[in-house]
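First to last, the protein sequences are chains A and B.
All letters in the first sequence, in the order written, are residues 1 to 246 by the working numbering.
All letters in the second sequence, in the order written, are residues 1 to 115 by the working numbering.
All C-beta atoms in this analysis are idealised placements derived from N, C-alpha and C, irrespective of residue type, glycine included.
First the structure, in the form of structure tokens, and then the observations on it.
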Amino acid sequence: MNERKEIEIGLSVLAENTEERGRRIQVEKGVMALNNQYAAANRQRLEAARVKTLNLLSSPGSGKTTLLSRTLQELAPHLQMAVIVGDLATDNDAQRLRVGGATAVQIQTGSLCHLEAAMVARALDALNLEALELLFIENVGNLVCPAAYDLGESAKVVLFSTTEGEDKPLKYPRVFKEADLVLLTKSDLAEVLGFDRRRALENLRLVAPQARVLEVSARSGAGMPDWYHYLFALLGRVMPQNAHGV
Amino acid sequence: MHELGLVKSILEIAEAYARREGARAIREIGLRVGALSGVEKEALEFAFEAAKQGTLAQQARLAVQWVPLVAYCEACAKEFEVASPFGIALCPGCHQPTATLEQGLELEVDYLEVE
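In structure tokens:
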């Protein structure tokens, strides 16, 4: 009996010892690695077709679709453009954008809060890239998750509307740090909202010193020529005199 | 964030490495998570508990190593840790904001402990 107990104790000590000696495997692998592979493939494909791609990020309701709608209409005579639109549900945005005759591919993400590079890869299959110059990707309205996903874009554009408050860049630093360009949208409402423009610009300078900042109103048209200048410069083209819209 | 999606990727990576090494079970998954990675600790742990069922990591725990945000000032040629919760990277030398981040965005599976 005693002997048996001793054996049992001995076994449990042995088991404990092996438990402590769990084998360690070095991994050092990025969790985003798979997405980044798709993004790199997208980038290569878009560059080969000489298409510049903008990934548009913002909160819901900050004016991505309105900005794109006006841009597509005003630049249609000068540029070959298309849009990939991500939303959790509905194809309302794609329909809105198609009104002016533009090509818009809707991605319905279901419950997913951001676009991933693999989804964009599938959407690219639905486009004739050889005939395109400029592609907009309207990401899901969300300032957190989309910031971490490279889609293969040429540049990231973050929209920040005057209705959102001057401290948006402080609350969501990651997405602003990723931005190549920040568009301060709904600039026509700034005054009526008592929006402190100087404080907003100072917050942007502190959080995202790398980003260019343009103030636009897709409704009044104010600042839209600056945005168009940016787009033509990205394409390495001179903006035609009559492309000012307004 | 979208922690459930991230946890699924983490488990895929962990299981692939564990299988390759012929492990029977994963005991611990070591992660390196940047301060500005956008990942929220509680959401990550909650998602992990749900997603690990039925995987090799069923009994595993997460060991998260938080990586602070470190920026680099080109003008001063100096690296510094960013203390601001708003991610404002002001160089302690010249007091100018910098956009160059050295670390703090990472999200990676560092190691596994297996049996």
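- [ ] Compare the Cα-Cα distances from residue 137 of chain A to each of A:64, A:131, A:188 and A:189 and report the closest residue.
- [x] A:64
- [ ] For residue 95 of chain B, count neighbouring Cβ atoms within 10 angstroms of its own Cβ and tell me buried if that reaches 16, exposed if not.
- [x] exposed
TODO: Can you tell me which of A:154, A:139 and A:84 puts its alpha carbon nearest to the alpha carbon of residue 123 of chain A?
DONE: A:84
Open item on the list: Taking CB distances under 8 Å as the criterion, tell me whether residue 198 of chain A reaches chain B.
Closed with: no
Open item on the list: Please report the straight-line C-alpha distance between residue 67 of chain B and residue 227 of chain A, rounded to a whole angstrom.
Closed with: 37 Å
Task: Where the beta strand (DSSP E) containing residue 110 of chain B begins and where it ends - done: 107-114
TODO: Please name the residue in A:219, A:41 and A:104 whose C-alpha comes closest to that of residue 70 of chain A.
DONE: A:219
Task: Under 8 Å between C-beta atoms of residue 57 of chain A and residue 147 of chain A - done: yes
Task: Stretch pair the stretch 158-169 of chain A + the stretch 194-212 of chain A: three plus CB contacts closer than 8 Å - done: yes
Open item on the list: Counting only Cβ-Cβ distances shorter than 8 Å, please list the residues of the stretch 110-133 of chain A near chain B, keeping chain order.
Closed with: 112, 113 and 114
TODO: Mind checking which residues open and close the beta strand (DSSP E) that includes residue 136 of chain A?
DONE: 134-138
- [ ] Check the Cβ of residue 205 of chain A against every Cβ in chain B and list those closer than 7 Å, keeping chain order.
- [x] 97
Open item on the list: Tell me which residues share the same chain as residue 238 of chain A and place their Cβ nearer than 7 Å to its Cβ, disregarding the 5 neighbours each side in the sequence.
Closed with: 232
Task: Listed by chain order, chain A residues near residue 86 of chain B by CB distance under 9 Å - done: 167, 169, 170, 171, 173, 203, 206 and 207
- [ ] Taking only beta-carbon positions, decide if residue 49 of chain B is within less than 8 Å of chain A.
- [x] no
- [ ] Answer yes or no: does any C-beta atom of chain B fall closer than 8 Å to that of residue 140 of chain A?
- [x] no
Open item on the list: Applying the 10 Å Cβ sphere with the 16-neighbour rule, what's the burial state of residue 94 of chain A?
Closed with: buried
Task: Uninterrupted beta strand (DSSP E) stretches inside the stretch 32-92 of chain A (no shorter than 3 residues) - done: 52-57 and 81-87
Open item on the list: By the three-class DSSP mapping on this structure, what secondary structure does residue 29 of chain A have?
Closed with: strand
Task: Neighbour-count burial assignment, residue 99 of chain A, 16 or more Cβ in a 10 Å radius - done: exposed
Open item on the list: Bridge partners for residue 66 of chain B per DSSP, in chain order?
Closed with: B:33
Open item on the list: I need the DSSP call for residue 134 of chain B, collapsed to helix, strand or coil.
Closed with: Residue 134 of chain B is absent from the model: chain B starts at 1 and stops at 115.
- [ ] Quick one: residues in its chain with C-beta nearer than 6 Å to the C-beta of residue 143 of chain A, no 5 flanking neighbours on either side, listed in chain order?
- [x] 59, 172 and 175
TODO: Going by DSSP, name the residue or residues bridged to residue 177 of chain A.
DONE: According to DSSP, which records beta bridges pairwise, residue 177 of chain A is partnered with nothing at all.
Open item on the list: Is there a C-beta anywhere in chain A that falls below 8 Å from the one on residue 36 of chain B?
Closed with: yes
TODO: Under the assumption that residue 57 of chain B contacts residue 29 of chain B (Cβ atoms under 8 Å), give the Cβ distance between them as a whole number of angstroms.
DONE: 6 Å
Open item on the list: Between which residues of its own chain and residue 66 of chain A is the CB-CB distance below 6 Å, once the five residues before and five after are set aside?
Closed with: 218
- [ ] Taking residue 53 of chain A and residue 154 of chain A to be in contact with their CB atoms under 8 Å, please state how far apart those CB atoms are, rounded to whole angstroms.
- [x] 5 Å
Task: Own chain, CB closer than 7 Å to residue 18 of chain B, minus 5 neighbours either side, in chain order - done: 26, 56, 112 and 114
Task: Buried or exposed by the 16-neighbour rule on C-beta atoms within 10 Å, applied to residue 32 of chain B - done: buried
- [ ] Closer than 7 Å by beta-carbon distance: list the chain B residues that pair up with residue 32 of chain A, in chain order.
- [x] 107
Task: Span separating the alpha-carbon of residue 46 of chain B from that of residue 36 of chain B - done: 20 Å
- [ ] At 8 Å on the CB atoms, spell out the chain B contacts of residue 22 of chain A, in chain order.
- [x] 27, 28, 113, 114 and 115
Open item on the list: Counting only Cβ pairs nearer than 7 Å, list the residues of chain A close to residue 17 of chain B.
Closed with: 25 and 27
Open item on the list: Once the 5 residues before and after residue 39 of chain B are set aside, which same chain residues still bring their CB inside 8 Å of it?
Closed with: 1, 3, 6, 33 and 107
Open item on the list: Give me the chain A residues within the contact set of residue 6 of chain B, using Cβ-Cβ distance strictly less than 8 Å, ordered along the chain.
Closed with: 31
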